[in-house]
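Take any residue in the sequence shown, note its place counting from 1, add 1045, and you have its number in the numbering used here. Built from N, CA and C at the ideal position, the CB exists for glycine as well.
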Amino acid sequence: MNTEAYNGIGSEAVIKATGKDWAGWFSILDAWQATQHSHKEIAEYLHAEQGVAHWWCQMVTVGYEQARGLRIRNQTADGFEVSVTKVLPFTVGELYSAWMEGNRDKWLDIPITITTANESKSVRAKLEDGSRIAIGFYPKKTGAQIALGHEKMREEADIEKWRGIWKESIGKMASYLEK
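In structure tokens form, the structure reads like this:
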């Protein structure tokens, strides 16, 4: 059995969803000379010519790009991304409120501009460097989970830098909320 995983997805899941394992897809894409095509073109080929469902077209394309050295982990078409999640002993409403104007400046040292806010559900914002964050709030038995995704970072080195910044910032937010 082939146990290789690309894009965080093992061959068994790929077989179940598409009828082929990673090696099968790589063989087809190599024969089509996919390394000479864009991400979009590969995904379109998989859908139009191979009958792969849209979501799986993206997964197989990213897996192929990773396997062929065209894309590294945490890399997207728009740059790099990182996510941080944490369950905290607060309500969804308290977490959401901490991100809104008037509260955020008490614990967050990073200037952000909120672009979209769905009360007690999510916040989207942009940073001065053009990158973006999306924050989701989810109820849990022991409080609420915050899930922060940071995307459109320019450099691979930014991944761990921002992962650390966001972990520290979420810790500061928790300390603020405890007071």
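Please identify the residue among LEU1140, PRO1156 and TRP1207 whose C-alpha is closest to the C-alpha of GLY1181.
Position 136 of the sequence shown, counted from the start, is the residue given in the question as residue 1181. Ranking LEU1140, PRO1156 and TRP1207 by Cα distance to GLY1181 puts LEU1140 first.
Could you tell me the alpha carbon to alpha carbon distance between MET1198 and PHE1125, rounded to whole angstroms?
Within the sequence shown, numbered from 1, the residue matching residue 1198 stands at position 153. Within the sequence shown, numbered from 1, the residue matching residue 1125 stands at position 80. Each residue's alpha carbon lies about 5 Å from the other.
Measuring only the C-alpha atoms, how far is SER1142 from GLU1196?
As a position in the sequence shown, residue 1142 is number 97, starting the count at 1. As a position in the sequence shown, residue 1196 is number 151, starting the count at 1. Looking at the two C-alpha atoms, the distance is approximately 23 Å.
Give me the Cα-Cα distance between ALA1122 and HIS1084, rounded to the nearest whole angstrom.
For this step, residue 1122 is matched to residue 77 along the sequence shown. For this step, residue 1084 is matched to residue 39 along the sequence shown. Their Cα atoms are separated by approximately 8 Å.
DSSP three-state label for TRP1057, please.
As a position in the sequence shown, residue 1057 is number 12, starting the count at 1. Reading off the sequence shown, one finds Glu at residue 1057, where the question assumed Trp. Here GLU1057 sits in helix by DSSP.
With DSSP as the reference, label GLN1190 as helix, strand or coil.
As a first step, residue 1190 is located in the sequence shown; it is residue number 145 there, counting from the start. The answer is strand: DSSP assigns GLN1190 an E or B state.
To the nearest whole angstrom, what separates the beta carbons of THR1080 and ARG1113, a pair I think is in contact under 8 Å?
For this step, residue 1080 is matched to residue 35 along the sequence shown. For this step, residue 1113 is matched to residue 68 along the sequence shown. About 6 Å separates the two Cβ atoms, so the contact holds.
Pick from SER1176, TRP1101 and ALA1189: whose alpha carbon is nearest that of THR1136?
The residue you call residue 1136 lines up with position 91 of the sequence shown. Closest option to THR1136, Cα to Cα, is ALA1189.
Any idea if ILE1155 is buried or exposed, counting beta-carbon neighbours within 10 angstroms, 16 or more meaning buried?
For the purposes of this step, residue 1155 is identified with residue 110 of the sequence shown, where counting begins at 1. By the 10 Å Cβ count, ILE1155 comes out exposed.
Under 9 Å, do VAL1127 and ILE1215 count as touching if we go by C-beta distance?
Sequence index remark: in the sequence shown, residue 1127 carries index 82 (1-based). Sequence index remark: in the sequence shown, residue 1215 carries index 170 (1-based). For VAL1127 and ILE1215, no; Cβs fall outside 9 Å.
Determine the extent of the alpha helix (DSSP H) in which GLU1201 is found, giving its start and end residues.
For the purposes of this step, residue 1201 is taken as residue 156 along the sequence shown, with counting starting at 1. Neither: GLU1201 is in no alpha helix (DSSP H) and is coded neither H nor E.
Using the three-state DSSP reduction, which class does THR1136 fall into: helix, strand or coil?
To locate residue 1136, count along the sequence shown from 1; it is residue 91. Looking at THR1136 - three-state DSSP - the assignment turns out to be coil, as it is neither helix nor strand.
Helix, strand or coil for ARG1177? Go by DSSP, reduced to three states.
Position 132 of the sequence shown holds residue 1177. In the structure shown, ARG1177 sits in a strand (DSSP, three-state: E or B).
Quick one: using the 10 Å Cβ neighbour count with 16 as the cut-off for buried, is TRP1067 buried or exposed?
Within the sequence shown, the letter at position 22 stands for residue 1067. TRP1067 is buried by the Cβ-count criterion.
DSSP state of ASN1047, grouped into three classes?
Within the sequence shown, numbered from 1, the residue matching residue 1047 stands at position 2. The pLDDT assigned to ASN1047 is 48, lower than 50, so where the model puts this residue is not dependable; a value taken from the coordinates is nonetheless given after this. Coil at ASN1047, not helix or strand.
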